[in-house]
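Written below as C-alpha cells is the structure these notes are about.
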C-alpha cells in the first residue's frame, strides 16, 4: 500500500511507480505480495513530515505511544500489550530499521529527524523470516538518500512556526552531494530543529498526609516549558570499487534535548497546564556507524550490512506524587520515621542509560531466474546499561552513601542472537508464484546488577568501590524456527491476488527483581492474510486491500504489582486474537488533482482471563477486552491540487487523519478509554526555478487529542498533541 506523489511529466498521465526494498530486493511496490505502505520523498515534503509523530499518523495500521520525544513504542495491526519504557522489561513487537541496519530499542525508539529521506517503508504483519526478532507484528524502515556519483546536488530549507497559545519553533536543514570522481561520492546532511512549548507549569502544592507538610512548587513555574531541540549530522561515502562491487560507509549523529513534560492535568487544572515539583529534562545522544558492501558474484548478488549504534539516554523526572500515597509502598518518604524529620518529602527520579548495539548480516540473492532465492546469516549483540535512582532530599546516610538516594537500580542487560534465514520464490507458471521462507534463531539474554533500597543493609552506596555486590543474575536462552508461506497469482497485467501465512516471535528475557520468576518465555504470532493489488484506468487508479487474522500466544506483559514484587516484572499472560482489514486507494482524477484514502479496521482482544496473582479470585484482565492502543478505525484522507498562480507552479495539499478511541492499559485497575480525534493539516507550496516557498498549518481545528492517559501513576496525567501550528518555510536547490 502506498501514498504516492503525482507524476505530471507527460501524457498519458499516470501515478508514479514506487520502488521498495522490503523483500531485500528492489521491487515495484505493486508487485510485492504483501501489505506495505511507502511514503516517498515528495509525499514526505507535501505533508510537511519532519518527525516520528508526523509520519505515524499517516499509517492507518500503525498505532503508538510517546510521552515525550525519544520515548516511542510502536504497534501494528493491534499487536499491543501496552509497551513499556523500562529497558529491563519485554522488547518491542515492531522492528525499526535505518537503511539496512536495525536500530530497535526497548521502550525508546529513535526519534530520527526526517530530512533528505528517500522513503519510509512500513511492512505490516510478521516479517521474521527476513528481518528476525522484534519484527513480530511488522517492520518500519527509514531509507535515506544515498551518495550519487553522477552529479552535484545541494539544497537548504528554513522554516519558522508559531503554536496557538504556545511558543515558536525554528528549523534549518541542508544537504550536499559531491561527486569526488566517477567512482566515488560524498553526501552530507545536517539539521537543527527548535520546537516551541505549549504546556504551562503552573503554581501548585501537595500535602503529605502522614506529616501534614505542604510543599509548593515555587521556582518550577514556567509558561510553554516543554521545549525540545534536535540537531544532527549524517555523512555517507559511496565508492564503486569495481564495475560490480560497491562499498557505502555512513555515520550519523543526533542530539535531542528536551525540558518539561508533554502531559497536562485536565482534572485539577485547565488544558495544557500541569504542576511540577522538580525539574523535568532529558538528553538523548546517539551515533550510528554503518558499512554496506554489495557485489556481483556472477551466480548471485552478495550483500554485507554491518552497523554499530551507541546511545546515551538520560532523564530527570518529578516523582513527588509517589510520596503522598502510602498504599503504593508503605516505606516511601514520610510514612515511617526511618529518615528522621520529614523536611522535604519530594522524590526525583533519574535514569542514565547507555545502549551499545552491533549487527552483522551477510546474504546472497539470486539474479532473477524462474527460481529466485535469498539466503543469509545474521548476528546481533546489544548491551544496555541502566542506572535508575530515586532521590529524596532529606536523606543523609553518611559519607559512604549517596546523599538523598532512596532506591537504586544499577544493572546491565545483554541480548545476543544468531540466525540463519532463507526465502525461495518459484514461478509455477507465468502468473502463479509460490514463496517459502524460514528462519532458525538462537539467542540469549542476561541481566546482572544491583537493585535495592536504603532500608536494607549496605545498599545504595556510592558507585565503584563502595557499591554493594550484585543481587540480580538472571539468564534466559531460546532457540526456535519460524515459517512463511505465500502464494500469489496475477489475474491479468493489472491485478494480483495473494495469500500469506507468516510466523513472528519476540525473544524471551530475564526479570530484574530478585526472587521473582527469573525468566519469561518468547511469545509467538501466527498470521493469515489475503489481499489484492491493482493498478487500473491506465495507471491512474491504484487500489489495494488486505484482510488478516492473527493469533498471539504466550503474550509478554510488563507490569507492576506490589503483592508480587516492588519492581516491574514480565510475565507470559496467555493468548489474544487480532483481525482486521486494510484498504488503500489513490486516484489521479485529472492532471492537476490527486485523491487518496487509506483505511484500517482492527479488532484485537484477549481470548482468556489473566490473573497476575495466582490467589486472586477476579482476573486482572478479562477475556474479550480490547488490547490497549488499538483503535477500531483509523484512516487518512488526502487531496493534492496543482495549479499555476502568480506565474508560478503551486500545490495545495489537504490531509485529514482520524484515530478512533482506544484503551490505555490491559489491566482493569488502570484501564481508561482515550477519545478518538481527527487532525486536519494543509500546505500550500509555490515553486520558481530553484527555490520554493510554503505556507503550512497543522491541526487547523485545534483538536486536543489524548495520546496517552497515565492512570497507573498516583497523579493521573494525559499526554496531549500540539495545538494549532502555523508556519512558513523557504528553500533552494542547486545543481
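Residue numbers (UniProt numbering): 1 to 735.
The beta carbon of each residue, even a glycine, is placed where N, CA and C say it ideally should be.
All values reported here derive from a predicted model rather than from experimental measurement.
Is the CB-CB distance between residue 388 and residue 351 below 8 Å? Here the question's residue 388 lines up with position 388 in the chain shown. Here the question's residue 351 lines up with position 351 in the chain shown. Yes, the pair counts as a contact, with Cβ atoms nearer than the cut-off.
What does DSSP give as the partner residues of residue 645 in its beta bridges? Your numbering for residue 645 matches position 645 in the chain shown. According to DSSP, residue pairing for residue 645 in a beta bridge involves 648.
Secondary structure of residue 737, DSSP reduced to three states: What the structure shows of the chain is the stretch from 1 to 735, and residue 737 is not part of that stretch, so it cannot be assessed.
When you compare the segment 223 to 239 with the segment 249 to 257, are there three or more beta-carbon pairs, one atom per stretch, that lie closer than 8 Å? With the cut-off at 8 Å, the segment 223 to 239 and the segment 249 to 257 touch.
For residue 63, which beta-bridge partners are listed by DSSP? As a working note, residue 63 is residue 63 in the chain shown. Note: residue 63 is bridge-paired with 75 in the DSSP secondary-structure output.
Cα-Cα separation between residue 154 and residue 735, rounded to whole angstroms: Within the chain shown, numbered from 1, the residue matching residue 154 stands at position 154. Within the chain shown, numbered from 1, the residue matching residue 735 stands at position 735. CA-CA distance, residue 154 to residue 735, rounds to 7 Å.
Here's the rule: buried if 16 or more other CB atoms are within 10 angstroms of the residue's CB, otherwise exposed. What is residue 114? Locating residue 114 in the chain shown gives position 114, counting from the first residue. Buried, by the Cβ-count rule.
Taking 8 Å as the threshold, find out whether the segment 414 to 434 comes into contact with the segment 479 to 495 through three or more Cβ pairs. Judged by Cβ distances under 8 Å, the segment 414 to 434 makes contact with the segment 479 to 495, as three or more pairs qualify.
Using 10 angstroms around the beta-carbon of residue 175, count the other beta-carbons present and answer buried if the total reaches 16, otherwise exposed. Residue mapping note: residue 175 aligns to position 175 of the chain shown, counting from 1. By the 10 Å Cβ count, residue 175 comes out buried.
CA-to-CA distance, residue 168 to residue 420, given in whole angstroms: One-based indexing of the chain shown puts residue 420 at position 420. One-based indexing of the chain shown puts residue 168 at position 168. Taking the straight line from one Cα to the other gives about 50 Å.
Applying the criterion that 16 or more other CB atoms from any shown protein chain within 10 Å of the CB defines a buried residue, is residue 275 buried or exposed? Start at 1 with the first residue of the chain shown, and residue 275 comes out as number 275. Per the 10 Å Cβ criterion, buried.
Are the beta-carbon atoms belonging to residue 730 and residue 158 less than 8 Å from one another? Residue numbering aside, residue 730 sits at position 730 when the chain shown is read from its first letter. Residue numbering aside, residue 158 sits at position 158 when the chain shown is read from its first letter. Yes. Within cutoff.
Exposed unless 16 or more other CB atoms sit within 10 angstroms - verdict on residue 369: On the chain shown, position 369 is the one that residue 369 refers to. With fewer than 16 other Cβ atoms within 10 Å, it is exposed.
Okay, do the segment 11 to 19 and the segment 598 to 617 touch, 3+ Cβ pairs below 8 Å being the bar? By the Cβ rule, the segment 11 to 19 does not count as touching the segment 598 to 617, because fewer than three pairs are nearer than 8 Å.
Taking residue 444 as the reference, which of 475, 451 and 423 has the closest Cα? Here residue 444 refers to the residue found at position 444 of the chain shown. Closest in C-alpha terms to residue 444, from the list 475, 451 and 423, comes 475.
Less than 8 Å between C-beta atoms, sequence neighbours within five positions excluded: which residues of the same chain meet that for residue 54? Stepping through the chain shown from its first residue, residue 54 is reached at position 54. For residue 54, where only same-chain residues beyond five positions count, the Cβ hits under 8 Å are 47, 48 and 114.
Would you mind giving the Cβ-Cβ distance between residue 292 and residue 248, rounded to the nearest angstrom? I have them listed as a contact below 8 Å. Counted from its first residue, the chain shown places residue 292 at position 292. Counted from its first residue, the chain shown places residue 248 at position 248. Right, their Cβ atoms sit about 5 Å apart.
Please state whether DSSP places residue 198 in a helix, a strand or coil. Taking the chain shown and counting its residues from 1, the one referred to as residue 198 is at position 198. Residue 198 falls in the coil class under three-state DSSP.
Contact defined as beta carbons within less than 8 Å: I believe residue 134 pairs with residue 628. What is the distance between those atoms, to the nearest angstrom? As a working note, residue 134 is residue 134 in the chain shown. As a working note, residue 628 is residue 628 in the chain shown. By a beta-carbon distance limit of 8 Å, residue 134 does not contact residue 628. Their separation comes to about 19 Å.
Since residue 103 and residue 309 are thought to touch, with beta carbons under 8 Å apart, how far apart are those beta carbons, to the nearest angstrom? By 1-based counting over the chain shown, the position of residue 103 is 103. By 1-based counting over the chain shown, the position of residue 309 is 309. At roughly 6 Å, the Cβ-Cβ gap stays under 8 Å, so residue 103 and residue 309 are in contact.
Secondary structure of residue 125, DSSP reduced to three states: Walking along the chain shown from the start, residue 125 turns up at place 125. Looking at residue 125 - three-state DSSP - the assignment turns out to be coil, as it is neither helix nor strand.
Taking the beta strand (DSSP E) that residue 239 belongs to, which residues open and close that run? Along the chain shown, read from residue 1 onward, the residue named residue 239 stands at position 239. 228 to 240 is the span of the beta strand (DSSP E), which, as asked, contains residue 239.
Spatial distance of residue 681 from residue 303 (CA atoms): The residue given as residue 681 occupies position 681 in the chain shown. The residue given as residue 303 occupies position 303 in the chain shown. Going by the C-alpha atoms only, they are around 41 Å apart.
Bounding residues of the alpha helix (DSSP H) (the contiguous stretch that carries residue 56): Within the chain shown, the letter at position 56 stands for residue 56. DSSP places residue 56 in the uninterrupted alpha helix (DSSP H) bounded by 52 to 56.
Residue from 360, 203, 150 and 574 whose Cα sits closest to the Cα of residue 621: As a first step, residue 621 must be located in the chain shown, where it is residue number 621. Out of 360, 203, 150 and 574, 574 has the C-alpha closest to the C-alpha of residue 621.
By how many angstroms is the C-alpha of residue 409 removed from the C-alpha of residue 449? The residue given as residue 449 occupies position 449 in the chain shown. The residue given as residue 409 occupies position 409 in the chain shown. Residue 449 and residue 409 have their C-alpha atoms spaced approximately 8 Å apart.
If you count every other CB in all the chains shown that lies within 10 Å of the CB of residue 578, and 16 or more means buried, which is it? As a working mapping, residue 578 is identified with position 578 in the chain shown. Under this definition residue 578 is a buried residue.
Since residue 704 and residue 271 are thought to touch, with beta carbons under 8 Å apart, how far apart are those beta carbons, to the nearest angstrom? Taking the first residue of the chain shown as position 1, residue 704 is located at position 704. Taking the first residue of the chain shown as position 1, residue 271 is located at position 271. Yes, residue 704 and residue 271 are in contact; Cβ-Cβ is about 6 Å, under 8 Å.
Selection from 273, 92, 66 and 497 that minimises the alpha carbon distance to residue 557: Taking the chain shown and counting its residues from 1, the one referred to as residue 557 is at position 557. Nearest C-alpha to residue 557: 92.
Are there 16 or more other CB atoms within 10 angstroms of the CB of residue 785, so buried, or fewer, so exposed? Residue 785 lies beyond the range of the chain shown here (1 to 735); nothing can be said about it.
Classification of residue 171 by the beta-carbon crowding that lies within 10 angstroms, buried from 16 upward: What you label residue 171 is simply residue 171 of the chain shown in a count that begins at 1. Buried, by the Cβ-count rule.
Check this for me: beta carbons of residue 416 and residue 101, under 8 Å apart or not? Within the chain shown, numbered from 1, the residue matching residue 416 stands at position 416. Within the chain shown, numbered from 1, the residue matching residue 101 stands at position 101. No, Cβ-Cβ distance for residue 416 and residue 101 is not below 8 Å.
Is the segment 636 to 648 touching the segment 664 to 678, taking contact as three or more C-beta pairs under 8 Å? These segments do not touch.
Note down the Cα distance separating residue 241 from residue 189, rounded to an integer number of angstroms. Translated into the one-based positions of the chain shown, residue 241 becomes position 241. Translated into the one-based positions of the chain shown, residue 189 becomes position 189. Distance from the CA atom of residue 241 to the CA atom of residue 189, rounded to whole angstroms, is 24 Å.
Let me confirm a value: residue 299 is counted as buried when at least 16 other C-beta atoms fall within 10 Å, else exposed. Which label applies? For the purposes of this step, residue 299 is taken as the residue at position 299 of the chain shown. Exposed, since its Cβ has fewer than 16 Cβ neighbours within 10 Å.
Report yes if the CB atom of residue 640 is closer than 8 Å to the CB atom of residue 163, and no otherwise. One-based indexing of the chain shown puts residue 640 at position 640. One-based indexing of the chain shown puts residue 163 at position 163. Not in contact: residue 640 and residue 163 (Cβ atoms no closer than 8 Å).
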